[in-house]
Amino acid sequence: MFTKRQFLSTLIVAASVTGFIPAAQAAEQTIRIGWLRGPNDITLAKSRGTLEKALAEKGIKVEWAGPFPAAAPAFEALNAGSIDITAGSSTSAIAALSAKIPLVIFAYQKMAPSAEGIVVKKESGIASIKDLAGKKVAVNRGGTGEYLLMQGLQTNGVDPKSVERVYLSPSDSGPSFTQGHVDAWATWDPFLTIAETAYDGKVVADGAAIKSDNAVVLVASKEFATSKADQLQLVFDVIKSENAWAIANKAEAGAVWAKEMNVPNNLSSKIGENNAVPTTAVTEADVKQIGAVAEWYAKSGIIPSLPDVKDSVVSLK
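Using mature numbering (1 follows the signal peptide of the UniProt record, and there is no 0), the letters of the sequence shown map in sequence onto residues -26 to -1, 1 to 291.
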């Protein structure tokens, strides 16, 4: 883990070097941000134009890439050098780190229990996670969906081998769920809210019942975090401001997210309530939490090797 002192040292060096860059050259600096069509702070900042405004004052341009359908393809873009910063779940970040993608986590947002869960059709006859034995469940491989299912099965003493995991992207899971190709769907917002309200679904277990330790994380390429520490701090400052606005204005934030995600506006209130929760710099406690999930992932066979989480976190102020 980059300590705050180490990061601030990098920040000071970067700032001193930046001071010698000609104005014309500084104006050409660009931060490339990959956004996901989901209820996170990056999507909020993009829609409200706050990042562009704040960084333009520093002679920095924001270039948006996406929307990405899920964290995995966004992390691949980061690995390919196409973007510098993006968002995803802590579970997806663990999978990416296990695959040796050189990223660092710089912000942490504990996911609200109501923002994730396992949903089934109301008339399915499935009343609890224990009823999933012998059923098919849609999940995204190595991400939040697979984590929620596996954690839920373990919490309820259900043999994972008795449940068939159907690996689908979030965009493909919805049609499969509505058409009855799968019996359940382990997912997160906005998909969870959509499944409940538009797909005749009911949540048999939310994040609390599953005992989920999942979180939303913001990540940067290790190269960007090291070479442009000052710019990463600037981005994080705006993100913190957007997050504070969302918490104070949940209905309005929900409306912004609903518009960006192309979901009916009548879902905006619930999406805002579920997802406007605090985003902070990564603490030692957060590192331990992510590390515990990573160990569980490796033990469960979801990832091939255990990544060094502590070395993949940068501590901002």
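Where is the CB? At the ideal position from N, CA and C, for every residue including glycine.
Where residue i sits in the DSSP three-state scheme
i, result
"Ile168", "helix"
"Lys96", "coil"
"Ile(-6)", "Interpretation of Ile(-6) is limited by its pLDDT of 39, a score under 50 that renders its predicted location unreliable; no figure is taken from the coordinates."
"Glu226", "helix"
"Ser243", "helix"
"Leu192", "strand"
"Thr261", "Residue 261 is actually Val in this sequence, not Thr. Correct three-state label for Val261: helix."
"Ser186", "coil"
"Gly55", "coil"
"residue 361", "With the chain covering only -26 through 291, there is no way to say anything about residue 361."
"Lys291", "coil"
"Ala199", "helix"
"Ala(-1)", "Model confidence at Ala(-1) stands at a pLDDT of 43, short of 50, so the residue's coordinates are unreliable; what they give is reported in the following sentence. Here Ala(-1) sits in helix by DSSP."
"Val283", "coil"
"Val212", "helix"
"Ala45", "helix"
"Ala61", "strand"
"Gln(-21)", "Confidence in Gln(-21) is poor, its pLDDT being 49 and thus under 50, which makes the residue's placement unreliable; the coordinate value appears in the next sentence. The answer is helix: DSSP assigns Gln(-21) an H, G or I state."
"Ser102", "coil"
"Asn217", "helix"
In DSSP terms, what residue i is bridged to
i, result
"Ala268", "Answer by DSSP bridge pairing: none, since Ala268 is not bridged."
"Gly275", "Its beta-bridge partners do not exist; DSSP assigns none."
"Lys84", "Ala189"
"Ile79", "Val193, Val287"
"Glu90", "Trp162"
"Asp113", "Looking at the sequence provided, one finds Val at residue 113 rather than Asp. The partner list for Val113 (beta bridge, DSSP) reads Tyr141."
Residue range of the alpha helix (DSSP H) that includes residue i
i, result
"Thr118", "118 to 129"
"Lys20", "15 to 22"
"residue 292", "The requested residue 292 is not part of the displayed model; the chain covers only -26 to 291."
Bounding residues of the beta strand (DSSP E) (the contiguous stretch that carries residue i)
i, result
"Glu37", "34 to 42"
"Lys74", "No beta strand (DSSP E) contains Lys74, which DSSP labels as neither H nor E."
"Gly8", "3 to 10"
"Asp133", "Where Asp133 is concerned, there is no enclosing beta strand (DSSP E), given that its DSSP letter is neither H nor E."
"Gly175", "175 to 180"
"Glu31", "No beta strand (DSSP E) contains Glu31, which DSSP labels as neither H nor E."
"Thr253", "Element bounds for Thr253: n/a, residue is neither H nor E."
"Ala158", "158 to 162"
"Arg139", "138 to 141"
Per-residue burial, residue i [other beta carbons within 10 Å of its own, 16 or more giving buried]
i, result
"Glu90", "buried"
"Ser279", "exposed"
"Asn236", "exposed"
"Asp133", "exposed"
"Gln83", "buried"
"Ser63", "buried"
"Ala158", "buried"
"Ala199", "buried"
"Ser66", "buried"
"Gln153", "exposed"
"Asp58", "buried"
"Thr167", "buried"
"Lys273", "exposed"
"Ser195", "buried"
"Ser242", "buried"
"Glu37", "exposed"
"Gly275", "exposed"
"Ser145", "exposed"
"Asp260", "buried"
For residue j and residue i, believed in contact at Cβ under 8 Å, the rounded distance
i, j, result
"Ala112", "Asn248", "With 8 Å as the limit, Ala112 and Asn248 do not qualify as a contact, their Cβ atoms being about 20 Å apart."
"Gln205", "Ile34", "6 Å"
"Phe49", "Ala70", "4 Å"
"Ala73", "Ser56", "Going by Cβ atoms, the distance from Ala73 to Ser56 rounds to 17 Å, so no, they are not a contact pair."
"Ala61", "Leu192", "5 Å"
"Val78", "Ser286", "5 Å"
"Asp210", "Ala81", "The amino acid occupying residue 210 in the given sequence is Phe; Asp does not appear at that position. Indeed they touch by this definition, with Cβ atoms about 6 Å apart."
"Ile68", "Ala266", "With 8 Å as the limit, Ile68 and Ala266 do not qualify as a contact, their Cβ atoms being about 10 Å apart."
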